[in-house]
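Peer 1:
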Amino acid sequence: LVTKATETESTNSLECTYLDLTRENHIYHACLKMCQELFVQFLSQEALKRCDSKELEYKQFAEVVQSSDNMMFLREILPKKITVKEYKAMMEKNKENMDTEEGSD
Numbered sequence: 162l163v164t165k166a167t168e169t170e171s172t173n174s175l176e177c178t179y180l181d182l183t184r185e186n187h188i189y190h191a192c193l194k195m196c197q198e199l200f201v202q203f204l205s206q207e208a209l210k211r212c213d214s215k216e217l218e219y220k221q222f223a224e225v226v227q228s229s230d231n232m233m234f235l236r237e238i239l240p241k242k243i244t245v246k247e248y249k250a251m252m253e254k255n256k257e258n259m260d261t262e263e264g265s266d
């Protein structure tokens, strides 16, 4: 009889723990969703400040990310757009720097 009571208590305890974890998981996801929405809202508002029209484009988002220290973690995800000509010039400059460094060794 004592064994049955202990088994029942432990089963109830496990069910309670599972329900608590499930509830915590739902709360966690709700908070995460709210944070994501607030972040997108903040980023959009900052981009809108840099925009002349009511439409947002990639350019405005990239400018916000590149100019804000708080957004540093997004710089590789939202880089500033460059033209092919600018890219080729950058690569040529990097190649020249590499050649200069190798020649000085």
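So the number in the numbering used here is just where the residue sits in the sequence shown, counting from 1, plus 161. Quick reminder that beta carbons are idealized off the backbone N, C-alpha and C, glycines included. All figures in this text were calculated on a predicted structure; none of them were measured in a lab.
1. As a quick exercise: from Phe203, Gln227, Val201, pick the residue whose alpha carbon is nearest that of lysine 242.
2. Less than 9 Å between the beta carbons of leucine 217 and leucine 209, yes or no?
3. What would DSSP say about glutamate 218, mapped onto helix, strand or coil?
4. Give a yes or no on whether the C-beta atoms belonging to glutamate 247 and valine 225 are separated by under 9 Å.
5. Distance check for methionine 251 and valine 201, CA to CA, integer angstroms please.
6. Could you name the residues of the same chain whose beta carbon sits closer than 7 Å to that of methionine 232, not counting the 5 residues immediately before and after it, in chain order?
7. How close, in whole Å, do the beta carbons of glutamine 221 and arginine 236 come, if the pair is a contact with beta carbons under 8 Å?
8. Rounded to whole angstroms, what is the Cα-Cα separation between glutamate 263 and aspartate 230?
Peer 2: This is what the structure gives:
1. Here residue 242 is taken as the residue at index 81 of the sequence shown, counted from 1. If we check each option's Cα against that of lysine 242, Gln227 comes out closest.
2. To locate residue 217, count along the sequence shown from 1; it is residue 56. To locate residue 209, count along the sequence shown from 1; it is residue 48. Cβ distance < 9 Å, so leucine 217 and leucine 209 count as in contact.
3. Looking up residue 218 in the sequence shown gives position 57. Of the three classes helix, strand and coil, the one that applies to glutamate 218 here is coil, per DSSP.
4. Translated into the one-based positions of the sequence shown, residue 247 becomes position 86. Translated into the one-based positions of the sequence shown, residue 225 becomes position 64. Result no, Cβ atoms of glutamate 247 and valine 225 do not sit closer than 9 Å.
5. The sequence position of residue 201 within the sequence shown is 40, counting from 1. The sequence position of residue 251 within the sequence shown is 90, counting from 1. Straight-line spacing of the CA atoms in valine 201 and methionine 251 works out to 32 Å.
6. Walking along the sequence shown from the start, residue 232 turns up at place 71. Counting only Cβ-Cβ distances below 7 Å, and skipping sequence neighbours, we find Val225, Val226.
7. As a first step, residue 221 must be located in the sequence shown, where it is residue number 60. As a first step, residue 236 must be located in the sequence shown, where it is residue number 75. The Cβ separation is near 15 Å, so there is no contact.
8. For the purposes of this step, residue 263 is taken as residue 102 along the sequence shown, with counting starting at 1. For the purposes of this step, residue 230 is taken as residue 69 along the sequence shown, with counting starting at 1. The alpha-carbon atoms of glutamate 263 and aspartate 230 are separated by roughly 34 Å.
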